Amino acid sequence: MSSTTAERGPRGTAHLSLAGRRRVRAVAGLVIGVGGFLLVWTLLSEFVVGEFLLPPPLEIGQVMWKIVRSGAFIHHFVPTILRLGYGFALALLIGFPVGYLMGTSRWWRAFFHDIVMVAGSIPGITYAVMALVVLGISILGPVISVGLVSMPYVAINVAEGLDSVDRRLVQMSDAFERRRPSVVRHVLIPSVAPFAFAGVRLSFALAWKVEQLTEVFGSSSGVGFQIRSEFEDFSIPGMLAWVLLFIAFMILVERFLLARLERYLFRWRPEEKR
Amino acid sequence: MSRALVTPSASEGPLASIGRFLRSDLFARLASYLFLLAVWQLVALYEDRFPGPAEVFGFLWIEVTGGRHGGVVRGEFLGPFAATLPRFSLGVAISMVLGVMTGVAIGGSKLAEALLKDTLLVLVALPAIIWAFLTQMWLGLGDDAVVITTFLSAFPFVAVNVIQGIQAIPRDLRRMSGAYHVSRYRRLRHMQIPAVTGYLFAGFRFAVIIGWNAVLLGEWFSASDGVGWRSRYWYDANRYKGFVGWVILFIGFIVLLDRLVLVRLQRRAFRWRDAQLSETERQAEEIDVGTTGA
């Protein structure tokens, strides 16, 4: 006991300075990375493609600023993000039972095998235009597309999570004659939930791209719709400003929000550290 | 005596074998196809605009055999594929060459990595539709726009995979082969090439899947022949059975290519790494096109 507290002191301070150093390094890396991005962009626009075809960063920056200040940013980002959220909820809702069946029964695994396999290689344009044909211009289109795109990832991860459930816990529950529903609720779901979430995170990048595409084809609001209207106005700066704003936002969400949430859900399994 | 023990189960005969068939993997797969067909049929009943399976397969029959659709338009099947495949292959080939070059440059130098990694991240995140729109505005309609859309969408993924491959050579192995004076040839043959080929194949697979989506989008917006154009043609004509038929064709194409060729190549190339993976983990690995460009 005393030895652990004695160790904790110096190690704690070492950690702090290490974390501090790491933070400095991360900031420096970010600055260099963003600098590199702007440099490549400027070079391309000055010397290779031409300013008319690829406007320099400053010009796009001004357009971005205008979008943010005029409120159009909020106006179109909110519906897009909400649709993504509903889509992921749908994916979890379907993916959980599917994954459960796949993880527990050989027959159902064979049943869903081809569906899950094929889902990853379906071109995104399929979802976009199919949604338009079946649903017309509707907010349901992007939601269902996101749900269908992410569902297989959730299902396969839930199945993988079930593989990793601690067998001894299940045996112990049997030994103490716990009922099936109670085992599912207290043993299976807590150990599988983080895997389901990892499925969402894995499919995140694919899902928002498909959502954009669906909005480009059949929506009357959202970022994808804005990209389409800028395209129809032949406005390269407008299009780039919208897409880069969105990408920046999504990278931030993925890096900070999702990664943290996942770490939080996996916190009871230190060895997992995904 | 032993015969008497065996016969009762054999005498159940047809019933038992039917039961075994119903429980088999083969039947499960067949059932999943029937299930999909049933869902499709239900959607078609619910929404009149959406064609059912019978209509679509009727359409595909005419399109593939080259008959006439209602006496006017001739069915075309090989033509669109013949127009698309050269664009597709050229785009994927360019993306492989440039992706490997970029990947080697970034993977080999710390400075290049610091400077260019975020740029690559943004390129990976750019949806293919942006390239389809931009190339159309830059170059107008035509082959160039489609090929460049394909190549620009696919090449960042190749580069990312090559970088991973270069960085994946375990440092211990490198040190050990240094300590034991392993010859340069054996190092290349047994350490560097196996480490990078797996990732290179994975990159190739991404390039093919992403490139296929991009070539379709490119053709949808800027071509006047090809698979993407043909599906748009039917879509614009309000003949959704034609559109759905072509969706089946272009999904079928990429799925067959992926399952029959690419996945096998990838499994083979990664066999040194994935030998102990369970079937589920392997499946997870294979659908992990998580960063794909739609």
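Line by line, the protein sequences are chains A and B. Every number in this note's numbering is 40 more than the matching position in the first sequence, counting from 1. Every number in this note's numbering is 232 more than the matching position in the second sequence, counting from 1. We put the beta carbon where it would ideally sit given N, CA and C, even for glycine. The structure displayed is predicted, hence computed values, not measured ones.
What does DSSP give as the partner residue(s) for Arg300(B) in the beta ladder? Stepping through the second sequence from its first residue, residue 300(B) is reached at position 68. Arg300(B) pairs with Arg306(B).
Taking the alpha-carbon positions, what's the Leu287(A) to Ala247(A) distance? In the first sequence, the residue the question calls residue 287(A) occupies position 247. In the first sequence, the residue the question calls residue 247(A) occupies position 207. In the sequence under discussion, the amino acid at residue 287(A) is Ile, which differs from the Leu named in the question. The straight-line gap from Cα to Cα measures roughly 13 angstroms.
Phe289(B), buried or exposed, once every other Cβ within 10 Å from all chains shown has been counted against 16: Taking the first residue of the second sequence as position 1, residue 289(B) is located at position 57. Exposed: under 16 other Cβ atoms inside 10 Å.
Which bits of chain A does Glu279(B) rub up against, with CB to CB less than 7 angstroms? Reading the second sequence from its first residue, position 47 is the one you call residue 279(B). By Cβ distance, chain A contributes Val174.
Okay, do the segment 139-158 of chain A and the segment 254-269 of chain B touch, 3+ Cβ pairs below 8 angstroms being the bar? yes
Determine, for Tyr465(B), whether the minimum Cβ-Cβ distance to residues of chain A falls below 7 angstroms. Counting from 1 along the second sequence, the entry for residue 465(B) is found at position 233. Not closer than 7 angstroms to any Cβ of chain A, the Cβ of Tyr465(B) fails to qualify, so no.
Interface flag, Ala263(B) vs chain A, CB-CB below 7 angstroms: Against the second sequence, residue 263(B) aligns to sequence position 31. Yes - at least one Cβ of chain A is within 7 angstroms of the one on Ala263(B).
Short CB-CB distance (under 7 angstroms) between Ile441(B) and chain A: What you label residue 441(B) is simply residue 209 of the second sequence in a count that begins at 1. Closer than 7 angstroms to some Cβ of chain A, the Cβ of Ile441(B) qualifies, so yes.
Mapping DSSP to helix, strand and coil, what is Ala455(B)? Start at 1 with the first residue of the second sequence, and residue 455(B) comes out as number 223. Here Ala455(B) sits in coil by DSSP.
Run through DSSP, which three-state label would Leu298(A) get? Numbered from 1 along the first sequence, position 258 holds the residue referred to as residue 298(A). Looking at Leu298(A) - three-state DSSP - the assignment turns out to be helix.
Output the residue ranges of the alpha helix (DSSP H) runs that lie fully inside the segment 126-164 of chain A and measure 4 residues or longer, sorted by chain position. 146-159
Is the beta carbon of Val459(B) sitting closer than 7 angstroms to the one on Phe438(B)? Your numbering for residue 459(B) matches position 227 in the second sequence. Your numbering for residue 438(B) matches position 206 in the second sequence. No. Outside cutoff.
With three or more beta-carbon pairs closer than 8 angstroms as the criterion, would you say the segment 335-351 of chain B touches the segment 402-412 of chain B? no
Are three or more beta carbon pairs between the segment 317-335 of chain B and the segment 435-450 of chain B nearer than 8 angstroms? yes
Over the uninterrupted alpha helix (DSSP H) stretch that includes Phe485(B), give me the two end residues. In the second sequence, the residue the question calls residue 485(B) occupies position 253. Start and end: 472-488.
Helix, strand or coil, according to DSSP, for Leu292(B) in the structure here? By 1-based counting over the second sequence, the position of residue 292(B) is 60. Looking at Leu292(B) - three-state DSSP - the assignment turns out to be helix.
Beta-carbon proximity check, Phe313(B) vs Lys473(B), cutoff 7 angstroms: In the second sequence, counting from the first residue as 1, residue 313(B) sits at position 81. In the second sequence, counting from the first residue as 1, residue 473(B) sits at position 241. Going by C-beta atoms, Phe313(B) is not nearer than 7 angstroms to Lys473(B).
Contact set between Pro359(B) and chain A, taken where Cβ atoms lie within less than 7 angstroms: Counted from its first residue, the second sequence places residue 359(B) at position 127. The answer, in chain order, is Lys249, Gln252, Leu253.
Which ranges does the alpha helix (DSSP H) cover as unbroken runs of at least 4 residues, wholly within the segment 390-461 of chain B, from first to last along the chain? 403-411, 416-419, 425-454
Which chain A residues sit within Cβ distance under 9 angstroms of Ala346(B)? Position 114 of the second sequence, counted from the first residue, corresponds to residue 346(B). Residues of chain A passing the Cβ test: Ala68, Gly69, Ile72, Gly73, Gly76.
Could you have a look at Arg241(A) and say whether DSSP puts it in helix, strand or coil? Taking the first sequence and counting its residues from 1, one reaches residue 241(A) at position 201. If DSSP states are grouped into helix, strand and coil, Arg241(A) belongs with the helices.
Three-state secondary structure assigned by DSSP to Asp203(A): For the purposes of this step, residue 203(A) is taken as the residue at position 163 of the first sequence. Helix, per DSSP.
Using the rule of at least 16 other Cβ atoms within 10 Å of the residue's Cβ for burial, across every protein chain shown, is Tyr167(A) buried or exposed? As a position in the first sequence, residue 167(A) is number 127, starting the count at 1. Looking at its Cβ environment, which holds 16 or more other Cβ atoms inside 10 Å, Tyr167(A) is buried.
Hey, does Met333(B) have any beta-carbon neighbour from chain A nearer than 7 angstroms? Counted from its first residue, the second sequence places residue 333(B) at position 101. False, the Cβ-Cβ gap to chain A never drops below 7 angstroms.
If we call anything under 7 angstroms between Cβ atoms a contact, is Arg416(B) one with Ser409(B)? One-based indexing of the second sequence puts residue 416(B) at position 184. One-based indexing of the second sequence puts residue 409(B) at position 177. Against a cut-off of 7 angstroms, the Cβ pair of Ser409(B) and Arg416(B) comes out as no contact.
List the whole-angstrom C-beta distance separating Glu251(A) from Gly127(A), where the pair is believed to meet the contact cut-off of C-beta under 8 angstroms. Against the first sequence, residue 251(A) aligns to sequence position 211. Against the first sequence, residue 127(A) aligns to sequence position 87. Yes, Glu251(A) and Gly127(A) are in contact; Cβ-Cβ is about 7 angstroms, under 8 angstroms.
Whose CA, out of Leu292(A), Leu70(A), Gly164(A), lies closest to the CA of Ala360(B)? Reading the second sequence from its first residue, position 128 is the one you call residue 360(B). That would be Gly164(A), whose Cα lies nearest to the Cα of Ala360(B).
Return the CA-CA distance between Phe528(B) and Ile380(B), expressed in angstroms with no decimal places. This structure does not reach residue 528(B), given that chain B is present from 233 up to 526, and the question cannot be answered.
Amino acids of chain B, ordered along the chain, whose beta-carbon sits closer than 9 angstroms to that of Ala171(A): Within the first sequence, residue 171(A) is the residue found at index 131, counting from 1. Here the premise fails: no neighbours, minimum Cβ distance about 11 angstroms.
Can you give me the Cβ contacts of Glu91(A) inside the same chain, cut-off strictly under 6 angstroms, excluding the 5 residues immediately before and after it? Stepping through the first sequence from its first residue, residue 91(A) is reached at position 51. Contacts found: Ser85.
Whether or not the segment 174-186 of chain A and the segment 269-277 of chain A are in contact is what I'm after, with contact meaning three or more pairs of Cβ atoms, one per stretch, closer than 8 angstroms; do they touch? no
Segment contact, 8 angstroms Cβ cut-off, at least three pairs: the segment 235-244 of chain A with the segment 189-201 of chain A: yes
Measure the C-alpha to C-alpha separation of Leu494(B) and Ser463(B) and round it to an integer number of angstroms. Your numbering for residue 494(B) matches position 262 in the second sequence. Your numbering for residue 463(B) matches position 231 in the second sequence. Taking the straight line joining both Cα atoms gives about 25 angstroms.
Using a Cβ-Cβ distance under 7 angstroms, would Lys342(B) count as near chain A? Within the second sequence, the letter at position 110 stands for residue 342(B). Lys342(B) does not count as touching chain A.
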